[in-house]
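Visitor: This is the structure I want to talk about, given as structure tokens.
Protein chains: 2
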Amino acid sequence: MEPNGTPSTNYGNRDDVPSHCLQITTEETHKVVAPPRRTTLEKLSSKLKEMFFPDDPLRQFKGQPLKKKLVLAAQYFFPILQWGPNYSLTLFKSDVVSGLTIASLAIPQGISYAKLASLPPIVGLYSSFVPPLVYAVLGSSRDLAVGPVSIASLVLGSMLRQEVSPASDPVLFLELAFTSTFFAGLFQASLGILRLGFIIDFLSKAILIGFMAGAAIIVSLQQLKSLLGITHFTPQMGLIPVMTSVFHNIHEWSWQTIVMGLCFLVLLLLARYVSMRKPKLFWVSAGAPLVSVIISTLLVFAIKAQTHGISVIGKLQEGLNPPSWNMLRFHGTHLGLAIKTGLITGILSLTEGIAVGRTFAALKNYKVDGNKEMMAIGLMNVVGSFTSCYVTTGAFSRSAVNNNAGAKSAVSNIVMSMTVMVTLLFLMPLFQYTPNVVLGAIIVTAVIGLIDIPAAYFIWKLDKYDFIVMLTAFFGVIFISVQEGLAVAVGLSILKILLQVTRPKTVMLGNIPGTDIYRNVDHYEEAVKLPGFLILSIEAPINFANITYLNERILRWIEEYEEEDNKKKISSLRYVILEMSAVSNVDTSGVSLFRELKKAVNNKGVEIVLVNPLAEVMEKLKKADEGNNELIREDNLFLTVAEAVASLSAMTKGQASNMEEGAQAIPHI
Amino acid sequence: MEPNGTPSTNYGNRDDVPSHCLQITTEETHKVVAPPRRTTLEKLSSKLKEMFFPDDPLRQFKGQPLKKKLVLAAQYFFPILQWGPNYSLTLFKSDVVSGLTIASLAIPQGISYAKLASLPPIVGLYSSFVPPLVYAVLGSSRDLAVGPVSIASLVLGSMLRQEVSPASDPVLFLELAFTSTFFAGLFQASLGILRLGFIIDFLSKAILIGFMAGAAIIVSLQQLKSLLGITHFTPQMGLIPVMTSVFHNIHEWSWQTIVMGLCFLVLLLLARYVSMRKPKLFWVSAGAPLVSVIISTLLVFAIKAQTHGISVIGKLQEGLNPPSWNMLRFHGTHLGLAIKTGLITGILSLTEGIAVGRTFAALKNYKVDGNKEMMAIGLMNVVGSFTSCYVTTGAFSRSAVNNNAGAKSAVSNIVMSMTVMVTLLFLMPLFQYTPNVVLGAIIVTAVIGLIDIPAAYFIWKLDKYDFIVMLTAFFGVIFISVQEGLAVAVGLSILKILLQVTRPKTVMLGNIPGTDIYRNVDHYEEAVKLPGFLILSIEAPINFANITYLNERILRWIEEYEEEDNKKKISSLRYVILEMSAVSNVDTSGVSLFRELKKAVNNKGVEIVLVNPLAEVMEKLKKADEGNNELIREDNLFLTVAEAVASLSAMTKGQASNMEEGAQAIPHI
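Chains A and B supply the protein sequences, listed in that same order. Take 11 as the starting number for the first sequence in the numbering used here and just add one per residue. Take 11 as the starting number for the second sequence in the numbering used here and just add one per residue.
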């Protein structure tokens, strides 16, 4: 019955607790002290601070004189005041070059993306004029190039088309687009002001990779309309309706359009390939869209191709952005749709903008404040909605070109904006003969870069669950819809977190011979179990969602230990040591787990011992005790597993004779 | 610039890393070994096992001969086969006493609860006849007393009344009640069969306490109809419509009813009080309802009170449960409502049944298998829906009486069932003159016990967030509706888990003098920071939801360290040691955190060191490395913080001269 002294005992290849484990005697053990007292208010305020101000934005203001504080505050809200005074001619030269480069990309893209959103092409150019100016004043990224983006354009168009037809009711459609843009901006700015920016973290990398690939395919499929020259095309987005529409309208296919489209597609893809192989030749792919537009326009004009079945943009209005605040509709039947569209395009464009900003900030080793960026992007869209712009953000492709072209500050956005202004004022008639098929080719080339196969493979290799989430986003977007595909994928990601909390790991620790280190016996094969001790590490906060599981699992560990004992006809278990370093918190249910566990094991003549409970956990157990020392007692509380083992072994030996009787009294289950 | 050798350095009251920290030399350090290789399939199967079979129900079958296996399987599905053979006359005597006691409670409660659900009173008695028999065969609890319960009755009635009026369309209402019961049973059994029982864990203790108190108030308010003798009463449940209805119908109040109600209410509450003070007198409160029914019925009969405005139950049908499978409606407009009602009453009654079963099992030290119980309760309700019963489960109050009366096994349920059978066959005419007001008083007395003020206070003391969740459930149930109140409360509980994951704790560790133990410097005031080392412990799995926060927070720790250094005009930070014992997992986003962190700190001339990464974390980092040792390297990987500090200090000293040059090259930010 008693492990010591019985020659047959051979637990963990040891006859007894190894002597080095006993080096620490009871006098030497270190007490687990109560954490310093803090009031509820102090605890709440520190929690709220970590929740909403993890970056501690007020730190820089501390201890500064009032005047300095005001300057810092102005610089905080208008980053241009921070970098403006140090701006130099050298920097300006770089910014002019990069600004002109992105303008050459922005003009054809602006027209193309506006068409993707079923908006008049000119709105795309308007959107490349005002928002970049706003961002230059408010934004804290040096590399972000602002303008309309493919995904937000796609979603805006497809969501609004659910209720309003852009062909039969173009004014209402435009009004709803501006209203959605307003709500998108309002939502983005609110996230920043309320410091709820962490919401966009729930669009994980896996989701974004799947979603972007799906969106790229959807967007490319939409371009089949212009690439094949079809006139009667489905307004739906899904793979199946689009393919049905394409093959039901074979008689509308125009070979002239197809040939022209293929030529420019090959040209653009080639330019992209060159720039990817030699990053120094970035201007090849950056300039290719504008060059394609110019060549194709000249070609159409020269051979009067529009009469041979090649559709062209047609007459465009001249002049700068007209005001549009009178077009915002805050009432009527479509308000709900406008709000919903604003929310979804808002969060999507915000995610893209923040991700781009962070990527380049990490690359160039400066910092981008997420919440501040949200305010900047949000305000930019609110102002945009007043000035005939639709949803804009920092674009992946355009920012990459901007960075490659040597942009040094937000001035490159101003240069781009000015170039677009000149275009709007004087060059619009030139686009009259631009064929739609070239715009389609430009979009396809742009979005193809969103399909990231190596990243998908990396996820497959690393985490199968993430891979499933990615596939869900991908297929959801292709077969159902952008919003629902994303929603299901986010739901799956959250489910994973909940499952992890519901089924926290508990592992058995063993002693690494010759040390007082205790590690997982499944991971470290040399780790040995000590007779009489079951050492378990709980690796998650304990709460209502997992107490039932933990209770069952810990009792199963104990039963397994006893079964092993039974085979050897001994009954050695005296102490269950719970290593609590990883239990960052318990709630009221968690407290009851300890109570129930204690009751259950005490019935078996076993004691529960806690090792290194953290401050909050200790506090709650103490409070739950109400002074009767049921859960937290000096003699069942240790700072390390080693000290617990040493101290308890010493005690057990002292009580050996008493224990023997006690052990026999316990039924041998 | 260099911490060692500069006399001004005085970090953490030490001039240097204390000598005891250096006792462990590099030769002695223990390697972090790679975890044993497991295939994806092995990992998946072990995960699924922990997810769905944490109790390992097949363990007992292992290594048994086939015949024994079959016997065990039969016993597994029909627990009666397990305890039946050992059943004795002594046990039977106890069970008869307790069975009769709960029957005396079950008859008036059955009639009352059926009225609460707007069902004919007889259905309440039917429901106390068949389901207890089914449970006796399938159930594994010895103390559960089965029958209709107040909360499920309330919810069933209020949800069905939303679409169908029990007064104007009683047959349809009854059909929907049976159909809902069928779906409730199906849902409960499915949860058990699919081993998804952990879903009910999401109704945490805090939610249940708030919800039950709210439900008790709602139920009591409903009784004002019979207690005041009002005939025109609102069909709604909320506090406001009920109180409006009560005070708009003052002219309907009947003083005779009120007087009678008050007398019996006082009598019942007194009986309850006596039993609570002296548990031995449990029979006082157990018998009181039946006594009240008998006395009041005699009284009404004697003085013909029904003619004085006291409403009575009226003629009841005689005979056993008629079959009702032909009344189940699996089509038509109300199918959705029936399914929804079934789901909600199913989960509520299941929660009550499981909680009661677990409570008494813990009290008497036997085990109740949650998933098996779900199958038993589910099957009981499916069978019930075929035999004119509505939703039943193990009832709190009735089981407590059962246990107090000395019940030893499920046979007490059989005895109760037989008593109810006799009542149904022969005694129904006796209830004709039972006044409704007494039934109301019985319900009020029963549900008042559901309001648990001490438990609410305990929650307030322990966890303020749980308290808010509790209040949400309470006020939600009172002012909105049972389902929505519960949904919001569950949502809040899940939000808490998500917030904990989004904002994991990171704490700075310091050395406890004279040991190689490292603990939180905020908790252990004697713990000292070591110059050159920033030791952080991350206390949560790292995933998409928290990488942004962790990145910012860790960089802020580093900046704070550097600022403290700046004040002393030194630049000592060399190593950021991340203690990873509590990081139970990383996902693909988590891996990228390490990469970004490494880039960010390497720019500052600081190295990241990992201590004790767990098996899964190591595996993923290794895979992400693809052999180029970027994240996981021998020299930045240690088993304990102490070994990391010792080994790195030794190395730094060796490289001191080289380091000095290096340190000067780093700009002093």
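Backbone N, C-alpha and C fix where the C-beta goes; we use that ideal spot for every residue, glycine too.
Excluding the 5 residues preceding and the 5 following B:E626 in the sequence, name in chain order all residues of the same chain whose CB lies nearer than 6 Å to its CB.
Guide: The answer, listed in chain order, is N595.
Visitor: Restricting to runs no shorter than 4 residues, where is the alpha helix (DSSP H) found entirely within the region 44-111 of chain B?
Guide: Runs of the alpha helix (DSSP H) inside the region 44-111 of chain B: 50-62, 76-87 and 90-93.
Visitor: Taking the beta carbon of A:Q74 as the centre, do at least 16 other beta carbons fall within 10 Å, making it buried, or is it exposed?
Guide: A:Q74 comes out exposed.
Visitor: What would DSSP say about B:M661, mapped onto helix, strand or coil?
Guide: Helix.
Visitor: Rounded to the nearest angstrom, how far is the Cβ of B:S160 from that of B:M247, given a contact under 8 Å?
Guide: Their Cβ separation, rounded to whole angstroms, is 13 Å, which puts B:S160 and B:M247 out of contact at 8 Å.
Visitor: Determine the chain B residues that contact A:V601 at a beta-carbon separation under 7 Å, and present them in chain order.
Guide: In chain order: L472.
Visitor: Please name the residues in the region 587-600 of chain B whose beta-carbon is closer than 8 Å to at least one beta-carbon of chain A, in chain order.
Guide: Result list: S591, A592, S594, N595, D597, T598 and S599.
Visitor: Report the start-end ranges of each beta strand (DSSP E) in the region 503-573 of chain B that is 3 residues or longer and not cut off at the edges.
Guide: Segments of the beta strand (DSSP E) lying fully in the region 503-573 of chain B: 516-521, 528-530 and 543-548.
Visitor: Taking CB distances under 7 Å as the criterion, tell me whether A:N405 reaches chain B.
Guide: Correcting the residue type first, residue 405 of chain A is Ala in the shown sequence and not Asn. Not closer than 7 Å to any Cβ of chain B, the Cβ of A:A405 fails to qualify, so no.
Visitor: Around the C-beta of B:P131, are 16 or more other C-beta atoms found within 10 angstroms, so that it is buried, or is it exposed?
Guide: Result: buried.
Visitor: Does the beta-carbon distance from B:M390 to B:V144 come in below 7 Å?
Guide: It is a contact, given that the beta carbons lie within the stated cut-off.
Visitor: Leaving out the 5 sequence neighbours to the left and right, which residues in its chain are closer than 6 Å to B:F484 when beta-carbon positions are compared?
Guide: G220, A223 and G224, listed in sequence order.
Visitor: Measure how close the beta-carbons of B:I217 and B:L496 come, nearest whole angstrom, since I'm counting them as under 8 Å.
Guide: Confirmed, Cβ separation roughly 7 Å.
Visitor: Quick one: does B:F208 have its CB under 7 Å from some CB of chain A?
Guide: At least one chain A Cβ lies under 7 Å of B:F208.
Visitor: Tell me, please, whether the CB atom of A:E629 is closer than 7 Å to any CB atom in chain B?
Guide: Not an interface residue.
Visitor: Any C-beta of chain A within less than 7 Å: which residues of the region 200-234 of chain B qualify?
Guide: For the region 200-234 of chain B, which is checked against every Cβ of chain A, the residues closer than 7 Å are F208, D211, F212, S214, K215 and A216.
Visitor: Closer than 9 Å, Cβ to Cβ, to anything on chain B: give me those residues from the region 50-77 of chain A, in chain order.
Guide: So the close ones are T50, K53, L54, K57, E60, M61, P64, D65, D66 and R69.
Visitor: Should A:H341 and A:L186 be called a contact, given that it needs their Cβ atoms to be closer than 7 Å?
Guide: No, these two residues do not count as a Cβ contact at 7 Å.
Visitor: Along the region 609-635 of chain B, where does the CB come closer than 8 Å to a CB of chain A? Name the residues.
Guide: If the cut-off is 8 Å between Cβ atoms, the region 609-635 of chain B has K609, A610, N613, N622, L624, A625, K630, K633 and A634 near chain A.
Visitor: Taking the C-alpha atoms as reference points, what is the distance between A:K632 and A:L641?
Guide: Distance between the alpha carbons of A:K632 and A:L641: 7 Å.
Visitor: Under the three-state reduction of DSSP, which class applies to B:L330: helix, strand or coil?
Guide: Here B:L330 sits in coil by DSSP.
Visitor: Considering A:Y136, what are the terminal residues of the alpha helix (DSSP H) in which it resides?
Guide: A:Y136 -> alpha helix (DSSP H) spans P131 to Y136.
Visitor: Roughly how many angstroms separate the alpha carbons of A:Y467 and A:V366, rounded to a whole number?
Guide: Roughly 22 Å between the two C-alpha positions.
Visitor: For B:R563, does the count of other Cβ atoms within 10 angstroms reach 16, so buried, or fall short, so exposed?
Guide: With 16 or more Cβ atoms within 10 Å of its Cβ, B:R563 is classed as buried.
Visitor: Just checking my contact of A:A194 with A:T361 at CB under 8 Å: how many whole Å lie between their CB atoms?
Guide: With a Cβ gap of about 12 Å, A:A194 and A:T361 do not count as contacting.
Visitor: Does the structure place the region 408-428 of chain B close enough to the region 298-309 of chain B that three or more beta carbon pairs sit under 8 Å?
Guide: Counting Cβ pairs under 8 Å, fewer than three are found: no touch.
Visitor: Would you call A:G346 buried or exposed, if buried means 16 or more other Cβ atoms sit within 10 Å of its Cβ?
Guide: Exposed is the call here.
Visitor: I need the straight-line Cα distance from A:P439 to A:M385, nearest angstrom please.
Guide: Using only the alpha carbons, I get a separation of about 36 Å.
Visitor: Give every residue of the same chain whose Cβ lies closer than 6 Å to the Cβ of A:T35, excluding the five residues on either side of it in the sequence, and list them in chain order.
Guide: Bear in mind that a pLDDT of 45 at A:T35, under 50, signals an unreliable position, so the number given afterwards is only what the model happens to contain. Answer for A:T35: no residue qualifies.
Visitor: Return helix, strand or coil for B:Y585, following the three-state DSSP convention.
Guide: Residue state, collapsed to three classes: strand.
Visitor: Looking at A:G109: is its Cβ nearer than 7 Å to the Cβ of A:V425?
Guide: Their beta carbons are under 7 Å apart, which means A:G109 touches A:V425 by this criterion.
Visitor: For B:D476, decide whether its Cβ has a neighbour in chain A, counting only Cβ atoms nearer than 7 Å.
Guide: Yes, because at least one Cβ of chain A sits closer than 7 Å to the Cβ of B:D476.
Visitor: Specify whether the region 369-378 of chain A and the region 204-211 of chain A touch according to this definition: at least 3 beta carbon pairs, one from each stretch, less than 8 Å apart.
Guide: Segments in contact, no.
Visitor: Pull out every residue of the region 496-515 of chain B whose Cβ sits closer than 9 Å to any Cβ of chain A, in chain order.
Guide: Listed by position, the residues of the region 496-515 of chain B near chain A (Cβ gap below 9 Å) are S503, I504, K506, I507, L508, L509, Q510, V511, T512, R513, P514 and K515.
Visitor: For the alpha helix (DSSP H) containing B:V411, name the first residue and the last one.
Guide: Segment F406 to N414, the alpha helix (DSSP H) holding B:V411.
Visitor: Can you tell me whether B:E173 is helix, strand or coil according to DSSP?
Guide: If DSSP states are grouped into helix, strand and coil, B:E173 belongs with coil.
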